[in-house]
Amino acid sequence: GDSVTQMEGPVTLSEEAFLTINCTYTATGYPSLFWYVQYPGEGLQLLLKATKADDKGSNKGFEATYRKETTSFHLEKGSVQVSDSAVYFCALSDNNNNDMRFGAGTRLTVKP
Amino acid sequence: NAGVTQTPKFRVLKTGQSMTLLCAQDMNHEYMYWYRQDPGMGLRLIHYSVGEGTTAKGEVPDGYNVSRLKKQNFLLGLESAAPSQTSVYFCASTDWREGTGELFFGEGSRLTVL
C-alpha cells in the first residue's frame, strides 16, 4: 500500500541555519503530498501541500517540491527560528481511497 | 472558530475499565478519523467514517469501537482498556469533495492505562 518514509530525528540546529527534512513516498496512483507541523501540546496543522508533480508548496518560509521522478517531497527552510521547533510530519493522500498516510515525524529543535 | 474539539483532554484508566472519547466538528465535514500517536511511529489510523451512520476499520482497529450517530460527532470507545492503549489520540475531519482532503485536527486526548 501507499506509504511515506521520512528522515528520522531528532534534528537540532542553531538559529538561522538551513533546514532540510527528507521525505520519500511509495504510491500506486497520483497522491497529493503534505507537510504537517505539530507544536508542543497541540494537534497537527497543515504547513504546506502540493497536489501534482513539479508543484511547489510554500508557507512561513518553508518550501517543498513534489518530485515524481524521485518520489520525494523534501521540506526546506533557508533560515530557521527558535519558534520553528516542532515535530514535522510528511503525509500523502490517496484521493481514490480518501485515506491519509503519515510518516513517523521528525522532531526539530532550534537553539538560539 | 471551534473547528475540531476533543474531550476529555486527559484521562487515566485502570486496566479493564471502559471509556469514550468524543470528537465534535463544526465544519460540516463528511469524513472523520481517529488516530493514535505513539513515539517513533507517527500517526496510525484506528477507525474512520465517511458519513453519518457509517464507520470503517483503519490500520489498528483492535480493542476500539466507534460510532457516528450524528454528522458532527465521532465517538471512540475502549470497552476494556489495556496498557498498550496508552497513547495520545487525535481526531481529524475533512471533506474530500472540496479538494485534496486537508485534515483538520483536534488538540489531542492523552490516555494513560495503568
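Here the protein sequences come in this chain order: A and B. Straight run, no breaks: the first sequence in my numbering ends on number 112. Straight run, no breaks: the second sequence in my numbering ends on number 1114. By construction, the Cβ of each residue, glycine as well, lies at the ideal position given by its N, Cα and C atoms. Keep in mind that this is a model prediction, so the values were computed, not measured.
Asked                                                                                                                              : Found
Partner residues on chain A for B:E1107, Cβ-Cβ distance less than 7 Å                                                              : E42 and G43
Assigned secondary structure, A:V82 (DSSP; H/G/I helix, E/B strand, else coil)                                                     : helix
Within-8 Å CB hit, A:A17 to chain B                                                                                                : no
Candidates A:G105, A:S3 and A:L19, of which the one nearest A:Y88 by Cα                                                            : A:G105
Distance between A:A53 and A:C42 (C-alpha atoms, nearest Å)                                                                        : Note on identity: in this sequence residue 42 of chain A is Glu, with Cys being the wrong assignment. Spanning the two alpha carbons is a distance of roughly 31 Å.
Beta carbon proximity, A:M100 to chain B, threshold 8 Å                                                                            : yes
Burial state of A:S3, where buried means 16 or more other Cβ atoms lie within 10 Å                                                 : exposed
Cβ separation of A:F62 and A:L46, assumed to be a contact under 8 Å, to the nearest whole Å                                        : That belief does not hold up - the Cβ atoms of A:F62 and A:L46 are roughly 11 Å apart, past 8 Å.
Bounding residues of the beta strand (DSSP E) (the contiguous stretch that carries B:N1065)                                        : N1065 to S1067
Selection of the stretch 1059-1088 of chain B by Cβ proximity to chain A, strictly under 7 Å                                       : none
Secondary structure of B:S1049, DSSP reduced to three states                                                                       : strand
Separation of B:G1042 from A:V11, as counted between CA atoms                                                                      : 16 Å
Contacts around B:R1044, its chain only, beta-carbon distance under 7 Å, and the 5 residues preceding and following it disregarded : Y1035, R1036, E1059 and V1060
Residue from A:E69, A:Y66 and A:E76 with nearest C-alpha to A:N59                                                                  : A:E76
Closest by C-alpha distance to B:L1075, when choosing among B:V1012, B:Y1089 and B:G1040                                           : B:Y1089
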